[in-house]
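Worksheet: the structure to be examined is printed underneath.
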Amino acid sequence: DPASGSAVFTVAPGGPAPANSTIVLSFVLRNPKAGQDSPLVEASGSGGVNMTAVAVSKGLGNAAPLLVADFTTRGVGQSTPSAGEDNTLSVTLQTRASLLAGTTVSIINLKGSQTSDPSLPITALANGTATSVFGDAAQWIQISG
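In our numbering, each residue carries its 1-based index in the sequence shown increased by 198.
Set out below in structure tokens:
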């Protein structure tokens, strides 16, 4: 049930765990299609031994369970609407998860540009993060339309 999201494990008849033993479980869940922060994850016990639900420590950053990447801030603007002029587009993005090396970010549907050079120099703005994350150039793929 996506609303409650509980995985329930039952101790097998021959498998009780002694006190202070470490149990490591691994299982696969499918992430939702929309971005989300990692939810509060808790563990509880019932049946043979009752234990009140308590928060469990979670992985940090991208290792936090059920953290799903998306763009939490997204915007684009331009320097001029004038025909035939060079036009600087400024894109602002903020992500919920860390962008790891090799991640590709595409700005799509930039139709009608007369740009033919396959390499787009990236201009560092005030905080300088664009070039420190993406280097000094992006790939331009011209699509007619």
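Ideal placement from N, C-alpha and C gives every residue a C-beta, glycine not left out.
Requested in this report: With DSSP collapsed to three states, give me the class of S317.
Outcome: strand
Discussion item. Please list the terminal residues of the continuous alpha helix (DSSP H) segment that includes A328.
Written reply: T327 to F332
Review point. Mind checking whether A336 and S317 have CB atoms under 9 Å apart?
Key: yes
Simplified DSSP assignment, three categories, for G259: helix
key: First and last residue of the uninterrupted beta strand (DSSP E) at F225   = Element bounds for F225: n/a, residue is neither H nor E.
### Message
Starting from T270, trace the beta strand (DSSP E) in both directions and tell me its first and last residue.
### Response
F269 to Q276
Quick one: grab the DSSP three-state call for V289. strand
ask   = Rounded to whole angstroms, how far is the Cβ of V274 from the Cβ of V289, which I believe are closer than 8 Å?
value = 5 Å
Beta-carbon separation of L287 and S277 under 9 Å? yes
Thinking V239 and V254 are a contact (beta carbons under 8 Å), I'd like their distance in whole angstroms, please. 5 Å
Check: What separation, rounded to the nearest whole angstrom, lies between the Cα atoms of A267 and G233?
Finding: 5 Å
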